[in-house]
Every structure is written in C-alpha cells, then in structure tokens.
Amino acid sequence: MAYVILAIVIIIGIIIYSKYNFSQIRKKNLQKIRSDWGKPKDEEFNFHLIGRYANTIKGYDDYRISDQTINDIDFYELFSFIDRTTSSPGQQYLFASILQPTASREKREALEAKTNLINSDLALREKIQKELVKLARNAYHIPTLLQDKLIDRPKWLKFLIVSLMVIVLLLLGSIKFPILLIFLTIPIVFNMMVHYWNKSNAYSFAASFPELSLLIDVSKNISDTHHSLKSNEVDRSISELRSFQKELRILSFGGDGGVKDELSQFALYFAELIKAFFLIEVFTFFRLIKTLEQKKESISVLFSYVGEIDMAISVLSLRAGALPTCQPEFLEVRKEFVARNAYHPLIKNCVKNDLSIKSKSILITGSNMSGKSTFLRVLIINSLLAQSINTCFADEFITPYLRSFSSIRINDNLLEGKSLYFEEVSIIGSLIAEVNSSNQNFFILDEVFKGTNTIERIAAAKAILSYLNKNENIVIVSTHDIELAKLLENEYDLYHFTETIEDETLHFDHKLKPGQLKTRNAIKVLELAEYPKEIIEEAKSISSFLDK
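Here numbering that gives the first Met the number 0 is used: the first residue of the sequence shown is 0, the next is one more, and so on.
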C-alpha cells in the first residue's frame with residue numbers, strides 16, 4: 000500500500016511540475032512579446048530559409064521586384080528592420096509580400112481590417128501571438144510541401160502487396176506446417192530492406208511534416224480566438240488535413256524521443272519491427288505524400304491565413320515604433336505622385352523631403368554626396384511598402400499602383416567579362432522592355448550610361464528618358480549632366496540638391512529644391528583637398544573655356 004501511495008505522490012508531483020514549467024514558459028513568452036513590441040529584431044536572419052515561400056509561389060499578379068532593385072535598395076537590410084513577425088510562416092509571408100507587391104485593393108483592405116481588429120484588442124493580439132510563438136523560428140520548411148511534386152513514387156511500389164500476401168500466407172501455413180517459417184525469412188528480409196530504404200525518404204520530410212501538423216493546430220486555435228477571424232475556407236482546410244495528422248503518428252523519423260528505460264526501448268524496437276515486417280511506414284508515407292499533393296491548396300490556405308495575421312501584427316508593431324509612418328492614399332492610373340516629409344528608415348536622423356508630380360516626370364541634378372541617390376531610394380522603398388504593408392515612412396504618400404524598376408547601383412561584372420557600360424545597357428534595357436506594358440511603371444535611375452563618353456551619354460540618355468516617359472509611366476532620374484535639363488524641359492520638371500562651402504568645408508543640407516542647379520563645386524573640392532595649385536588653375540581655365 001505504501002508503494003502505491005508513493006507512486007501516486009510521484010505522479011502528482013510530475014503533473015504539478017509539468018504544469019508549473021509550462022506556465023513559466025508561457026509567462027516568459029508573454030514577457031518577450033511585450034518587450035519586443037515596436038522594436039526591430041535583434042537576431043540573425045537566414046534569408047535562404049526565409050525566402051523559401053517566395054521562391055515556391057508566384058506573385059499575385061506575377062510581378063516581383065528585380066535582383067537589380069533588391070540590390071539598389073539594400074532589400075535584406077530593409078526587411079530586417081521592417082520584420083516584426085512572431086512566427087516563421089509569418090516572416091516568410093511578409094518577405095514574399097514585400098518582394099512581390101500587389102495592386103490588389105482587396106488585399107490591402109483585408110490587411111487593414113485585420114490590423115484594426117487586432118489593434119483594438121490588446122488581449123486578443125497577445126493571445127494570437129502566444130499561438131504564433133509555437134511556430135517561431137522552427138517552421139521554415141512548410142513551403143516545401145507546396146511544390147507540384149513532393150517525391151517520385153516508385154513504379155514497383157504497387158507490387159509490395161505481393162510481399163505482404165506471401166508473409167500472411169506463410170504465417171497461416173506455418174500453423175500446420177512450421178517448416179514454412181524458414182521461408183518466411185526471405186520476404187521479411189526484403190521488407191526490412193524496403194522499410195529502411197524508405198527512411199531516407201521520410202527523413203527529408205522530418206521537419207516539414209511535424210511543422211504542418213503544428214500549423215493546423217495553430218490555425219484552429221487562432222480561428223477560435225475571435226469570430227471575425229473565422230473563415231469557412233480555413234475550417235474546410237483544417238478538416239481536410241486532419242487525416243494527415245492522424246496518420247502522421249505512424250511515422251517515426253529516428254531517435255528514441257528521450258526514452259531511457261529498457262522496457263520502453265524494447266517497446267519501441269518491437270513496434271519498429273512490426274512496422275518493418277508489414278511495411279506499415281512505407282504505405283503510410285506514400286499515402287501521406289499523395290494526400291498532401293492533393294490537398295496542396297488547403298496547405299496554402301492555412302499558411303496564408305497564419306501569415307496574413309502575423310503580418311498584420313508585424314505592421315502594427317512597426318507603426319508603434321519610434322519612426323513616424325503614414326498609410327498611403329492610392330490614385331487611379333495617371334502621372335501624379337505626392338510624397339511629404341518622406342525619409343529613409345535605415346538612415347539615422349534622415350533629412351525628410353517633399354516631392355509633387357503632376358503630368359511630368361522628374362530630373363534631379365546635384366553633386367556627389369548631396370543626397371540624390373538616397374532620395375531615389377526613399378521613393379522606391381516607400382512605393383514598395385505602400386503596396387505591400389500599406390505603410391510608408393512619410394507624413395503623406397499619394398500614389399497610383401506602380402510597378403517599380405530601378406537602375407541605381409551598377410558595377411562592372413568582372414566574372415562575366417562585362418564592362419560597366421555593357422552592364423548598364425543590359426539593366427536599362429530591362430526597363431525599356433516594360434515601357435509599353437499594360438501596367439503603370441515607376442522608373443528610378445541614378446545617372447544614365449556613366450560608363451561612356453559625354454556626348455554619346457547625353458544623346459543616349461535624352462532618347463532613353465523620353466522613351467521611358469511614354470504613356471503614364473513616372474520616371475525619376477538623377478544626373479550630373481545639366482545639359483539634359485534643357486533637352487528634357489518639356490517632359491521633366493527640374494529639381495536639385497546643393498551644398499555650401501563655409502570655412503573651407505563642404506556643408507550639405509540634403510534638401511530637395513525646385514529648379515535647376517546653378518552652382519558647381521567639383522574643382523573647389525579638389526582645392527579643399529589641397530591638390531597642387533597648378534592643377535586647380537588649369538582645371539578652372541579649361542572649365543571656363545568649355546562653358547563658352
């Protein structure tokens with residue numbers, strides 16, 4: 000009797016400790032959720048894993064920002080700042096949404112509806128985040144299940160039923176003729192070989208299968224948190240994937256699960272032998288593969304459901320941060336655009352600038368370091384964020400739905416043997432190819448053909464900028480070639496950045512100003528750098544001659 004009481008006390012103690020430990024974990028998670036609110040993440044970003052969803056699906060309208068634009072705007076650094084998601088699916092969904100911005104008003108309104116709901120109820124938001132934490136940083140493999148073909152099904156698989164029938168017949172026959180047990184070793188050895196051959200197949204899904212099961216549970220729990228988060232499509236997808244969860248329990252992916260005592264070890268080994276003898280895992284695995292290939296749409300629905308909600312919470316956290324933001328206003332297709340007090344989120348104390356476009360595109364002049372390239376990045380970053388997370392780093396941002404294309408940071412490609420000029424030709428050619436598409440485009444260029452001679456550069460730049468400006472496309476280009484200002488005055492409004500020299504030091508205010516740049520300081524900079532007087536005088540003389 001004493002042993003029974005002791006056993007009961009031990010069991011109760013284990014239960015109490017487990018509940019206490021679980022409570023502490025939930026408390027710690029909640030503290031982290033609250034302390035992280037409104038702040039950028041302080042962690043490493045594995046973009047190989049984060050990008051899996053974006054690389055698996057197609058964009059909503061098959062538009063994805065180019066590798067050139069990704070490089071131009073320092074996309075990965077930008078995403079690392081923007082991302083405030085809690086779960087891996089949410090992070091992957093946000094990444095894909097910014098990489099593949101959409102012109103869908105419905106998606107933007109759906110995002111705002113979720114942010115408004117969650118923003119109005121702190122308890123609801125934290126309850127959802129506590130669910131999302133279950134998928135935090137350990138569920139990057141679910142998108143691999145959205146591929147068209149998960150694994151090739153062996154043609155000989157259908158003949159394995161013969162091996163099972165032989166085993167059953169030999170077992171039944173051995174009741175009367177025990178000698179048949181000797182022949183039983185042949186199909187059993189064969190089945191064992193097939194069983195462990197299949198382990199390598201199962202191991203390749205050792206991460207994605209359990210993650211999907213967890214996604215199903217998290218989707219159900221989030222759906223139950225508020226009636227507005229209910230969805231018939233989500234409920235149907237959960238129901239269709241429940242059979243997957245049940246059969247998943249049959250599979251084992253190696254390891255003993257922490258089991259230490261000999262009796263439990265024996266039970267596991269015995270169960271493994273039974274599954275091997277009768278090929279239970281093999282048939283279950285390929286049945287699960289077939290189910291998932293047929294239910295791919297259901298997986299996508301749940302992934303998007305959790306991803307959209309997590310993205311909405313991430314947007315709220317971003318808006319709650321230290322940097323001011325606004326929600327954009329969208330226009331119908333026309334050459335109009337307004338940015339007021341727009342700035343770059345990654346530049347500390349970034350100078351804010353205004354820009355208003357009405358019927359003409361924009362040509363910006365100014366010296367190096369004056370702020371031209373940064374301002375171009377400000378515009379394209381905010382345009383992308385407007386159409387992906389409905390949030391801009393500005394006081395006001397009014398824009399049509401635009402497809403953004405850029406040519407800002409171009410280098411020669413030594414590995415492919417391409418000169419700077421040839422690389423520019425290739426990149427600007429990709430912009431030209433978009434001019435007559437059915438979409439309104441946003442072309443951002445920092446200099447045109449800086450890799451060639453002055454006369455041909457100016458001639459080619461004028462022709463290209465006039466071509467890009469066709470239809471309702473909006474073009475914003477910076478240049479050192481003030482000659483372009485005269486050539487394009489009927490198509491482009493002029494703006495400039497300037498600087499002053501005070502106490503033999505250059506001062507930049509980084510403010511965009513209307514009109515053409517009237518001053519130059521390149522030779523003065525050489526003088527401030529204490530170049531020989533002979534060089535300075537000759538440079539001034541030649542400059543004066545060329546002006547005339």
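In this text, a Cβ means the ideal position worked out from N, Cα and C, and glycines have one as well.
What residue from Arg408, Val350, Ala432, Ile409 has the CA that sits closest to Phe392's CA?
Val350
Kindly indicate the opening and closing residues of the alpha helix (DSSP H) around Phe94.
87-98
Residues in the same chain with beta-carbon distance under 6 Å from Asp255, minus the five sequence neighbours each way, listed in chain order, please.
Reliability of the predicted coordinates at Asp255 is poor, the pLDDT of 48 falling under 50, and no value is obtained from them.
Curious, which full-length alpha helix (DSSP H) runs of at least 4 residues does the region 164-232 contain?
179-202, 207-222
Assuming Lys357 is part of the beta strand (DSSP E), what are its boundary residues?
352-357
When DSSP labels each residue in this structure, what does Tyr400 get in the three-state scheme?
coil
For Val451, name the three-state secondary structure that DSSP assigns.
Position check: residue 451 holds Thr in this sequence, whereas Val was assumed. Coil.
Verify whether the separation of the beta carbon atoms of Ile379 and Ile443 is less than 7 Å.
yes
Compare the Cα-Cα distances from Ser96 to each of Ala311, Val188, Ile7 and report the closest residue.
Ala311
In chain order, what residues of the same chain have a beta carbon less than 8 Å from the beta carbon of Leu123, not counting five sequence neighbours either side?
Leu116, Ile117, Thr224, His225
Pick out the complete alpha helix (DSSP H) segments inside the region 425-505, 4 residues or longer, and give them in chain order.
Counting only runs of 4 or more, we get 453-467, 482-486.
CA-CA distance, Glu537 and Ile500?
21 Å
Considering just the uninterrupted stretch of the beta strand (DSSP E) at Gly101, what are its terminal residues?
According to the sequence shown, residue 101 is Thr rather than Gly. Careful: Thr101 lies outside any beta strand (DSSP E) and carries neither H nor E.
Just to confirm before moving on: does the CB-CB distance between Leu144 and Ser207 stay below 7 Å?
yes
For Ile457, I'd like the list of residues in its chain whose CB is within less than 6 Å of its CB, leaving aside the five on either flank, ordered along the chain.
Asp480, Glu482
Quick check on Thr549: buried or exposed, where buried means 16 or more other Cβ atoms within 10 Å of its Cβ?
Because the chain spans 0 through 547 in this model, residue 549 falls outside it and cannot be assessed.
What is the DSSP secondary structure of Pro142, counted as helix, strand or coil?
In this structure, Pro142 counts as helix in the three-state DSSP scheme.
Take Asp35 as the anchor and find which of Tyr62, Thr84, Phe44, Thr68 has the nearest alpha-carbon.
Thr84
Could you check whether the region 164-172 touches the region 91-111, counting it as contact only if at least three pairs of C-beta atoms, one from each stretch, sit closer than 8 Å?
no
Closer than 8 Å is the cut-off here; do at least three beta carbon pairs connect the region 350-368 with the region 320-336?
yes
Once you ignore the five residues that flank Leu287 on each side, which residues in its own chain have a CB closer than 8 Å to its CB?
Phe208, Phe243, Glu246, Leu247, Leu250
Using the three-state DSSP reduction, which class does Lys512 fall into: helix, strand or coil?
strand
Alpha carbon to alpha carbon, how far is Thr478 from Asn137?
47 Å
Taking three-plus beta-carbon pairs below 8 Å as touching, is the region 397-406 in contact with the region 518-529?
No contact exists between the region 397-406 and the region 518-529.
Out of Ser203, Lys106, Phe176, which has the shortest C-alpha to C-alpha gap to Ile150?
It is Ser203.
Residue range of the beta strand (DSSP E) that Leu336 falls in?
In the sequence under discussion, the amino acid at residue 336 is Phe, which differs from the Leu named in the question. In this chain, the beta strand (DSSP E) harbouring Phe336 covers 335-341.
Could you tell me whether the Cβ atoms of Ser437 and Pro100 are closer together than 7 Å?
no
To the nearest angstrom, report how far apart Ser366 and Phe374 are at their CA atoms.
13 Å
Cβ of Tyr420 within 7 Å of Cβ of Thr451?
yes
Tell me whether the beta-carbon of Leu211 lies closer than 7 Å to the beta-carbon of Ile308.
The beta carbons of Leu211 and Ile308 sit no closer together than 7 Å.
Within 10 Å of its beta-carbon, does Glu488 have 16 or more other beta-carbons around it, so buried, or fewer, so exposed?
Glu488 is exposed by the Cβ-count criterion.
Rounded to whole angstroms, what's the CA-CA distance from Gly514 to Asp492? Just pull it up for me.
8 Å
Just to check my reading of the structure: Ala459 and Val474 have Cβ atoms closer than 8 Å, yes? What is that Cβ distance to the nearest angstrom?
A Cβ-Cβ distance of about 15 Å is found for the pair Ala459 and Val474, leaving them out of contact under the 8 Å criterion.
Measure the alpha-carbon distance for Val524 versus Gly306 and round it to whole angstroms.
52 Å
Between the region 186-199 and the region 277-284, are three or more C-beta pairs nearer than 8 Å?
yes
Please list the terminal residues of the continuous alpha helix (DSSP H) segment that includes Ser79.
Counting along the chain, Ser79 sits inside the alpha helix (DSSP H) bounded by residues 74-81.
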